[in-house]
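Read the structure below first, then the notes.
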Amino acid sequence: TQRTAKVSEVVAEQDVGAALLTCSLEPAQWERLEVIGEVLGKDYECRKQMLLHRLDLTIQSFRWSPRAEERRAAVRSVYEPLRRELSARSHVTLAHVLAARHDLSIVTKTTSLASRKHTACAINKVVMGAVPDRGGRPSDLERPMPTWDGPRGEGGRKRNKQKRGKGHKQP
């Protein structure tokens, strides 16, 4: 039909990339993949619960200020509807894993120049400002000399003294 042709044309223009999973899996591998998915889902849920709890505590600490007391109803009317939408449950399923594309396997450090190029903003310089170097690196510290020991030289021998041992005749 005409609609199918149009959809095919649009999809052909947008390259979605190669699939990340290109091989077929055995039944045992599917079971293992499901178990791994469950474990990762539980871990993700735990982490998300922690972040949501931190968010709640942060908002709660903002409410302690005198200015926030005056605006408590306004803060509540804005925050609570947004907070209700946030769930700790993971919505990632095995279907998402199968639909993953190759570009998801490309990992870049969040501190790399490529990443910072898109996330850097002028507010960082305003809020942070110039921070003095306070030191404290372990490599900068030297071990203190023990109080019972003097500086060590050449093992107690004098430089001009000859070494004497077995097999050496004294002059």
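So the sequence shown is numbered by full-length UniProt numbering: it starts at 1 and just counts up by one.
Ideal Cβ positions, reconstructed from N, Cα and C, are used throughout, including at glycine.
{"Asked": "Any idea which residues DSSP pairs residue 19 with across the strands?", "Found": "101"}
{"Asked": "Provide the residue span of the alpha helix (DSSP H) that contains residue 58, from first to last.", "Found": "27 to 62"}
{"Asked": "Rounded to a whole number of angstroms, what is the C-alpha to C-alpha distance between residue 25 and residue 33?", "Found": "10 Å"}
{"Asked": "If you follow the alpha helix (DSSP H) that residue 78 is part of, which residue opens it and which one closes it?", "Found": "72 to 85"}
{"Asked": "Got a sec, what are the start and stop residues for the alpha helix (DSSP H) residue 116 sits in?", "Found": "113 to 119"}
{"Asked": "Measuring CB to CB, does residue 56 end up less than 9 Å from residue 83?", "Found": "yes"}
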